[in-house]
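Engineer: Note that our numbering has the sequence shown beginning at 669, numbered continuously upward. Every residue gets a Cβ at the ideal spot worked out from N, C-alpha and C, and that includes glycine.
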Amino acid sequence: MTAGKRPLADRIPLLPGTLVPVMGATVAVACAEFVRNGLYVGYLPLVGRSEFGLPLTATGAALTAHLIADTLMRGPAGAAISRYGLRPVVAGGALLSLLAVACLPFVSTFWMLILVAVLHGIGFSVMWPGALNLTADSSKPGYSGRALSTVTMCALPMIGVGVLVYGAIGKQGGNFPLILAGGLQLLAVCGALLMPMRRVRQRETPPAPSRESVRRVARSLLPLMPAALLQTGTLSLIGPLLFPIAKKLGLEYWPLVSILALGGVIAYATIPFAGRIADRGNARLVLASGFGLIGLAFLLVATLPPLWAFYPIAVVLGIGYGCVTPGWSALVTGTLPEAERPAAWGALMTVENAGTAFGPVVGALAYQAIGVSGPFVVGAALALVTASAYAVFRRAFPAAVHG
């Protein structure tokens, strides 16, 4: 072996014997994201009338019902993982999602579509709590931020990929889109079956929650919930407005793709370095820096710069996003008590989903009221407020994540 090079096993941020279960969980959540976003965002709006005889308002309501069910069930999903274990709960959720997908060809009324969407949302609600809790439990000491960021960044791109793929194949009609959804959802079930029965670091059945454990969870969640709401709201402001805003800014399709790709590459390249800093007890500092850079990038876009300026702005924004992902992962795992983490994280994800839901609404209102620069001005303000909160409210978080 060459001197100075560590073995591959030493470079993987996971405990021995946990790589395959974590990979299974990653495949499961990636497939689940591909299917749900592909179906409800890319496919149903295109074929709702031609294939199901339902108007666009019905497919929009189905997406809303699905997201509400997912959001409301995140907390119970985490509690179920604590009580019944990872594999039964996550595989059960994946099977329920598969059942919902299998029922789609038989949908003929508005309420049937809503029922299928709600069942799918309930099934999906266990996927992220299961994957992230398994990864956190499987991480080597001091590596949780990097491990969680890797899993997250492997799964999240499937949101956009699913929409793009189903937007392309949905126009062609036929059964292939639903067959593809069923096959990928079945793959999600297989990935979930690779997860362990119980939590990796759990040695015995957890006792029923005591008053002290409830108080401990509440104290740990208190500083995280406002941060979760603010930051997910900030990061979701622009999403639905991306193409209308790009057109107003004079950005054609391929220049926009190249700018987004540059930002994505920079974000991925930043994660290992930012994650290393966050895992060394500087999660709060990494988050404050990340949101500060995001706020700066949004302010620069709000000035309506020339085309060439979007490339350096994409670099700044990519570094910011690359700091936020591992910083938040390290902050959450360092703040939530390990014994109650699944239930607490499920509750926190409910708040994150609420932020993701209100962000596009705020962005649309700012766009209507101020114009093209509106969402970026609001986004910059929210990002800088979030960064300032992490810098000012130092004592609200454990010493292990202070920085």
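(1) Taking Cβ positions, are Gly798 and Val758 nearer each other than 9 angstroms?
(2) Residues in its own chain within less than 7 angstroms of Ile837 by CB, not counting five upstream and five downstream?
(3) If you reduce the DSSP assignment to three classes, tell me which class Glu872 lands in.
(4) Output the distance between the C-alpha atoms of Ile927 and Pro744, rounded to the nearest integer angstrom.
(5) Using beta-carbon positions only, say whether Asp734 and Phe792 come within less than 9 angstroms of one another.
(6) Ignoring anything shorter than 4 residues or poking outside the region 673-716, list the alpha helix (DSSP H) runs there in chain order.
(7) Does DSSP classify Ser765 as helix, strand or coil?
(8) Kindly identify the DSSP beta-bridge partner or partners of Ser807.
(9) Can you tell which of Cys699, Arg751, Pro1028, Ala1032 has the C-alpha that lies nearest to the C-alpha of Val819?
(10) Confirm, please, whether the CB-CB distance from Leu967 to Gly931 is below 9 angstroms.
(11) Starting from Lys915, trace the alpha helix (DSSP H) both ways and give me its first and last residue.
(12) Quick check on DSSP: helix, strand or coil for Leu930?
(13) Verify whether the separation of the beta carbon atoms of Cys858 and Ala982 is less than 9 angstroms.
(14) Within its chain, find whatever has a CB closer than 7 angstroms to the CB of Thr873; leave out the 5 residues flanking it on each side and keep chain order.
(15) Buried or exposed: Trp779, going by 16 or more other Cβ atoms within 10 Å of its Cβ?
(16) Expressed to the nearest angstrom, what Euclidean distance is found between the alpha-carbon atoms of Gly813 and Ser776?
(17) Can you give me the C-alpha to C-alpha distance between Thr929 and Pro689, rounded to a whole angstrom?
(18) Out of Glu1006, Phe702, Pro923, which one is the CA nearest neighbour of Gly851?
(19) Can you check whether the CB of Leu682 is closer than 9 angstroms to the CB of Ala823?
(20) Give every residue of the same chain whose Cβ lies closer than 7 angstroms to the Cβ of Ala1055, excluding the five residues on either side of it in the sequence, and list them in chain order.
Structural biologist: The relevant details are as follows:
(1) Locating residue 798 in the sequence shown gives position 130, counting from the first residue. Locating residue 758 in the sequence shown gives position 90, counting from the first residue. The answer is yes: Cβ separation under 9 angstroms.
(2) Against the sequence shown, residue 837 aligns to sequence position 169. Closer than 7 angstroms at the Cβ level, and outside the excluded window around Ile837, lie Phe844, Pro845.
(3) In the sequence shown, residue 872 corresponds to position 204, counting from 1. Residue confidence for Glu872 is low, a pLDDT of 49 falling below 50, so the modelled location carries little weight; the figure read from the coordinates is stated next. Coil, per DSSP.
(4) Numbered from 1 along the sequence shown, position 259 holds the residue referred to as residue 927. Numbered from 1 along the sequence shown, position 76 holds the residue referred to as residue 744. Taking the straight line joining both Cα atoms gives about 39 angstroms.
(5) The residue you call residue 734 lines up with position 66 of the sequence shown. The residue you call residue 792 lines up with position 124 of the sequence shown. A quick correction: the sequence has His, not Asp, at residue 734. The answer is yes: Cβ separation under 9 angstroms.
(6) 676-679, 687-705
(7) In the sequence shown, counting from the first residue as 1, residue 765 sits at position 97. Correct three-state label for Ser765: helix.
(8) Residue numbering aside, residue 807 sits at position 139 when the sequence shown is read from its first letter. Note: Ser807 sits in a beta bridge opposite Leu682.
(9) Counting from 1 along the sequence shown, the entry for residue 819 is found at position 151. Considering only alpha carbons, the answer is Cys699.
(10) Within the sequence shown, the letter at position 263 stands for residue 931. Within the sequence shown, the letter at position 299 stands for residue 967. Contact: no.
(11) Counted from its first residue, the sequence shown places residue 915 at position 247. Following the DSSP letters along the chain, one finds Lys915 inside the alpha helix (DSSP H) bounded by residues 910-916.
(12) Translated into the one-based positions of the sequence shown, residue 930 becomes position 262. If DSSP states are grouped into helix, strand and coil, Leu930 belongs with the helices.
(13) Counting from 1 along the sequence shown, the entry for residue 858 is found at position 190. Counting from 1 along the sequence shown, the entry for residue 982 is found at position 314. Result no, Cβ atoms of Cys858 and Ala982 do not sit closer than 9 angstroms.
(14) Here residue 873 corresponds to residue number 205 of the sequence shown, with the count starting at 1. Any reading at Thr873 needs caution, since the residue's pLDDT is 46, under 50, leaving its predicted position unreliable; the model's value is listed next. Answer for Thr873: no residue qualifies.
(15) Numbered from its first residue, the sequence shown carries residue 779 at position 111. The residue is exposed, with fewer than 16 neighbouring Cβ atoms inside 10 Å.
(16) Taking the first residue of the sequence shown as 1, we reach residue 813 at position 145. Taking the first residue of the sequence shown as 1, we reach residue 776 at position 108. Their backbone Cα atoms lie some 45 angstroms apart in a straight line.
(17) For the purposes of this step, residue 929 is taken as residue 261 along the sequence shown, with counting starting at 1. For the purposes of this step, residue 689 is taken as residue 21 along the sequence shown, with counting starting at 1. Looking at the sequence shown, residue 929 is not Thr but Ala. Answer to the nearest angstrom: the Cα atoms are 30 angstroms apart.
(18) For the purposes of this step, residue 851 is taken as the residue at position 183 of the sequence shown. With distances taken between Cα atoms, Gly851 lies closest to Phe702.
(19) If you number the sequence shown from 1, residue 823 lands on position 155. If you number the sequence shown from 1, residue 682 lands on position 14. For Ala823 and Leu682, no; Cβs fall outside 9 angstroms.
(20) If you number the sequence shown from 1, residue 1055 lands on position 387. Cβ within range, chain order: Ala956, Phe959, Gly960, Gly963.
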